[in-house]
Amino acid sequence: MVSRAERGLVADWFWTIDRVFLIAFVLLMALGFMLSFAASPAVAERIGLDSFYFVKRHAVFLLPTLAVMIGVSFLTPRQVRRAALVIFGIATLMMVLALFIGVEVKGSRRWISLSGISIQPSEFMKPAFVILCAWLFSEHSRRPEIPGNLFAIILFGIISALLLAQPDLGQTVLVAAIWGGMFFMAGMPWFWIILFGVVGVGGILGAYTAFPHVQGRIDRFLTGEGDTYQVDTAREAIIRGDWFGRGPGEGTIKRILPDSHTDFIFAVAAEEFGIIFCMALVVIFAFIVLRGLTHASRERDDFTRLAISGLVLLIGLQSLINISVNLELAPAKGMTLPLISYGGSSMIAVAISVGFLLALTRRRPEKRSSERSLYGDFGFRVPAE
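Anchor point for the sequence shown: position 345 equals 1257 in our numbering, and the numbering is continuous, going up by one each time.
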């Protein structure tokens, strides 16, 4: 146990971190590893791999996920901005490269293979995008002559274009929802909010017309006709689980559910552990979002307030989309459940988001405003006014 009397990097971190927040995220990681035992062996056997192939890989990713989460949480707000800038630049470049040299999966180019390791750059782009937009919005609020809002709009346009080019409409909708929420919290006039809302609706209609796979998914969701095998199977698993589940390892629907270890792991959890367990899982995600928004509401600094809000929106909305698909409340979309689903890129990227969140919610004394004006937001010395 670290004493309050101790002074040092680790001691300061321990007494300033939101330990309840940290416990909630570690609990999600533990539940994700437990559910990998339930969901992944059937998938591995179906494709001719060792039964515990995905379990072992999930375990391998746990250590770097925890290391990234803890390591990033040591950063100061200024270092968070600088790290986000670097991550965003690399991730965006890799998203462009993925369009040309990426691995094509089901008609989409979202992955880059490096030395046998598959990386999805868009996963790493999301937390960095949130941080940069929070900084741009806050700078415009602090100094209206700085076109921070315009740069944030341009940034959003670039990212949306890259996601649609892959194509990945689900991630585009997620990023748009987060960006719109931050835009609203930044105090933008209602005219702009309504305008972007109309543009968003128009974009969805345009995607419905332009992308046959999007049209097919929406039509199947609205009519129930066509290939609805996965969502129907997931619904059956949830129904069979009832309130208390069939017991660990006793689920059978997972054996015929193709993406049971990734997109539909929530349905496997419902079948084996029951609806009450799934409700507890939802409560954990809801707690994270509400605690994050509570932190944000107490912040005086606009950047910190917007960044915390954007990061919890990222985690909350992504989990909401995944769970909604499992419950047939939204069209099918390949999106993981944060820290629960199998997937290295997703786990490490979420760890970065959580690390940023823990870093920004640490208790810190008020800093002199002169430090910010003298050294700038990214830590580079600029002339004092």
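Quick reminder that beta carbons are idealized off the backbone N, C-alpha and C, glycines included.
Remember, it's a predicted structure, so these values are computed and weren't measured experimentally.
As summarised for the stretch 1036-1071, there are no continuous alpha helix (DSSP H) elements at least 4 residues long confined to that stretch.
Contact between M981 and A1263 is confirmed by a C-beta separation of about 4 Å, below the 8 Å threshold.
Taking one beta carbon from each stretch, the stretch 1031-1042 and the stretch 1200-1215 have fewer than 3 pairs nearer than 8 Å; the two do not touch. Judged by beta-carbon spacing, A1046 lies within the 8 Å limit of A1219, meaning their Cβ atoms are closer than that value. Contact between F1095 and F1108 holds: CB atoms are separated by about 7 Å, below the 8 Å threshold. Counted as a single uninterrupted DSSP element, the beta strand (DSSP E) harbouring E1016 occupies residues V1015 to V1017. For the stretch 1197-1264, not one full-length beta strand (DSSP E) segment reaches 3 residues or more.
DSSP places I1105 within a helical segment (H, G or I) once states are collapsed to three. In the DSSP assignment, L1026 falls within the unbroken beta strand (DSSP E) covering S1020 to L1026.
The three-state reading of DSSP puts I999 in helix, counting H, G and I together. The beta carbons of A1192 and N1238 sit about 15 Å from each other, so the pair does not count as a contact at 8 Å. Contact annotation: G1082 and G1256 have beta-carbon atoms that are not nearer than 8 Å. The DSSP-derived three-state label of S1034 is helix. Put simply, the stretch 1053-1073 does not touch the stretch 1220-1240. Fewer than three CB pairs are less than 8 Å apart. In the assembly as shown, G1228 is a buried residue. Its beta-carbon has 16 or more other beta-carbons within 10 Å.
For A1244, same chain residues with a beta-carbon under 6 Å away, outside a window of 5 residues either side, are R1129, V1143 and V1237 in chain order. With contacts defined as CB atoms closer than 8 Å, I1029 and A1010 fail to qualify as a contacting pair.
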